[in-house]
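In my numbering, the protein residues as written are 35 to 175. For each residue, glycine too, the CB sits at the ideal point set by N, CA and C. For reference, the structure discussed in these notes is given below.
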Ligand SMILES: [Zn+2]
Ligand SMILES: [Zn+2]
């Protein structure tokens with residue numbers, strides 16, 4: 035199944051209709067190489083008016099099509115697990131460089147920690163910030 039078909043299936047299953055704005059916003063999200071601000075997603079979807087983009091993104095978040103990452107005070111959006119493998123991000127606070135992290139160790143530890151509190155873990159948000167190797171080297175000079 036292609037990603038667009040998967041997307042359409044989710045909308046249909048949740049009783050939401052497949053509309054042009056929803057398809058357009060989904061396409062923009064697919065083209066992002068990193069989580070983006072709502073305003074930026076709107077800018078990259080010029081065929082759809084801003085209000086519709088915002089409303090569409092709210093719906094996507096509710097349906098679990100996207101996840102929201104809080105970086106600093108800014109909420110950023112990216113596609114969620116049906117479309118993107120589960121991962122986390124690490125960002126350099128000096129130069130803004132960023133990478134995705136896929137770590138089974140991290141996932142396992144989170145399960146263990148939740149279990150110790152008697153919980154089964156359903157979801158989690160983990161964001162890491164630090165200083166990248168390049169900036170550390172520069173700092174030493
Ligand atoms: Zn850096
Ligand atoms: Zn995780």
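Item checked: residue 69 in three-state terms, based on DSSP -> Coil, per DSSP.
Item checked: Cβ-heavy atom distance, residue 163 to ligand 3, below 7 Å -> Ligand 3 is not part of this structure, which contains only ligand 1 and ligand 2.
Next item on the list: Could you tell me the distance, in whole angstroms, from the CA atom of residue 173 to the CA atom of residue 127?
Entry: 13 Å
Next item on the list: Would you mind sorting residue 162 into buried or exposed? The rule is 16 or more other CB atoms within 10 Å of its CB.
Entry: exposed
Margin query: I need the straight-line Cα distance from residue 35 to residue 171, nearest angstrom please.
Written below: 46 Å
Checklist line | Reduced DSSP secondary structure (H/G/I, E/B, other) of residue 55 | finding: helix
Checklist line | C-beta neighbour in chain C for residue 110, strict 8 Å | finding: You won't find chain C in this structure, because it holds only one protein chain.
Notebook entry, point to check: Quick one: what's residue 125 bridged to in DSSP?
Noted result: 132 and 163
Next item on the list: Report yes or no: do the stretch 78–92 and the stretch 38–57 share at least 3 C-beta pairs separated by less than 8 Å?
Entry: yes
Next item on the list: With a threshold of 16 other CB atoms inside 10 Å of the CB of residue 138, please say whether the residue is buried or exposed.
Entry: exposed
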